[in-house]
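There are 2 protein chains.
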Amino acid sequence: MRKIDENELFDLAELFKVFGDSTRIRILYKLSDKEICVQEIADSLGMTQSAISHQLKILKQSKLIKSRRDGKSILYSLADDHVRSIINQGLEHVEE
Amino acid sequence: MRKIDENELFDLAELFKVFGDSTRIRILYKLSDKEICVQEIADSLGMTQSAISHQLKILKQSKLIKSRRDGKSILYSLADDHVRSIINQGLEHVEE
DNA sequence: TTAACATATGAACAACTATTCATATGTACA
DNA sequence: TGTACATATGAATAGTTGTTCATATGTTAA
Numbered sequence: 001m002r003k004i005d006e007n008e009l010f011d012l013a014e015l016f017k018v019f020g021d022s023t024r025i026r027i028l029y030k031l032s033d034k035e036i037c038v039q040e041i042a043d044s045l046g047m048t049q050s051a052i053s054h055q056l057k058i059l060k061q062s063k064l065i066k067s068r069r070d071g072k073s074i075l076y077s078l079a080d081d082h083v084r085s086i087i088n089q090g091l092e093h094v095e096e
Numbered sequence: 001m002r003k004i005d006e007n008e009l010f011d012l013a014e015l016f017k018v019f020g021d022s023t024r025i026r027i028l029y030k031l032s033d034k035e036i037c038v039q040e041i042a043d044s045l046g047m048t049q050s051a052i053s054h055q056l057k058i059l060k061q062s063k064l065i066k067s068r069r070d071g072k073s074i075l076y077s078l079a080d081d082h083v084r085s086i087i088n089q090g091l092e093h094v095e096e
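Protein sequence lines, in the order shown, are assigned to chains D and Y. For the first sequence, this note's numbering assigns the number 1 to the initial residue and increments by one for each residue that follows. For the second sequence, this note's numbering assigns the number 1 to the initial residue and increments by one for each residue that follows.
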């Protein structure tokens with residue numbers, strides 16, 4: 001494997017930490033094929049709006065999702081294809 | 001993205017949780033090109049033998065690493081190429 | 001402007017986790 | 001068998017984190 005410095009490894013751990021929570025993974029999966037508003041995510045996961053909003057903030061800070069306003073709602077979606085790739089790569093290990 | 005059930009998402013989060021710790025990521029990186037014994041990992045990371053041993057146990061339970069005895073030492077190495085793939089995929093996102 | 005709706009945020013608490021310390025287990029060699 | 005070496009493990013602790021509750025911010029339409 002190519003050379004990776006300490007800071008990069010630290011950032012990498014931080015990234016995986018974000019994926020390492022079932023609420024956040026479920027949110028990312030919900031967003032994998034379409035953009036959704038906060039309340040819809042909360043309802044579909046059976047969680048409070050506040051809990052979801054807190055997690056969306058973490059996901060956005062990690063640049064895994066993006067958002068845009070649409071009237072009163074805010075629609076969230078995946079930031080780019082890396083997210084799908086990381087999830088798919090993880091699934092290959094889980095499915096053994 | 002293809003259909004994934006709740007249990008699979010839960011397992012996926014558990015997997016990423018293991019990657020989501022800088023000590024464990026650094027261990028995995030150390031093991032990425034050769035097998036190493038416990039004390040050598042501890043020395044190279046500047047941590048105690050006990051701390052490393054605890055983390056190795058977690059990594060092994062997640063089937064990310066394997067081990068074999070060599071005399072008094074136990075040599076650890078990556079379980080398979082999935083580990084490298086997952087790390088590389090994560091790096092692509094971190095390096096932006 | 002006011003009411004209703006949608007989302008964000010801060011504080012507090014409970015649950016979880018990584019490390020430390022002390023010690024146990026296992027191996028090799030004299 | 002006894003000693004030194006290498007690793008594993010259990011309990012305790014300190015630090016971290018996800019959720020809840022209450023409330024603030026922002027938007028729309030009457």
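All C-beta atoms in this analysis are idealised placements derived from N, C-alpha and C, irrespective of residue type, glycine included.
Return the chain-ordered ranges of every alpha helix (DSSP H) run that is complete within the stretch 41–92 of chain Y and spans a minimum of 4 residues. 49–61
The alpha helix (DSSP H) enclosing K30/Y, as first and last residue numbers: S22 to K30
Residue-chain proximity (L91/Y, chain D), Cβ-Cβ < 8 Å: yes
Take the Cβ of Y33/Y as the centre, count every other Cβ of all protein chains shown within 10 Å, and call the residue buried at 16 or more, exposed below. Note that residue 33/Y is Asp in the sequence shown, not Tyr. The residue is exposed, with fewer than 16 neighbouring Cβ atoms inside 10 Å.
Check the Cβ-Cβ distances between D106/Y and every residue of chain D, and say whether any is below 8 Å. Nothing about residue 106/Y can be reported from this structure: the residues present for chain Y run from 1 to 96 only.
Closest residue to D81/D among G71/D, K63/D, R69/D and I74/D (Cα-Cα distance): K63/D
For my contact list, S77/Y and C37/Y are in at a C-beta cut-off of 8 Å; report their separation, rounded to the angstrom. Rounded, the Cβ-Cβ distance is 11 Å, inconsistent with contact.
Could you compute how far the alpha carbon of L91/D sits from the alpha carbon of E8/Y? 8 Å
Using a Cβ cut-off of 7 Å, which residues of the stretch 17–33 of chain D contact any Cβ in chain Y, in chain order? K17, F19, G20, D21, S22, I25, R26, Y29, S32 and D33
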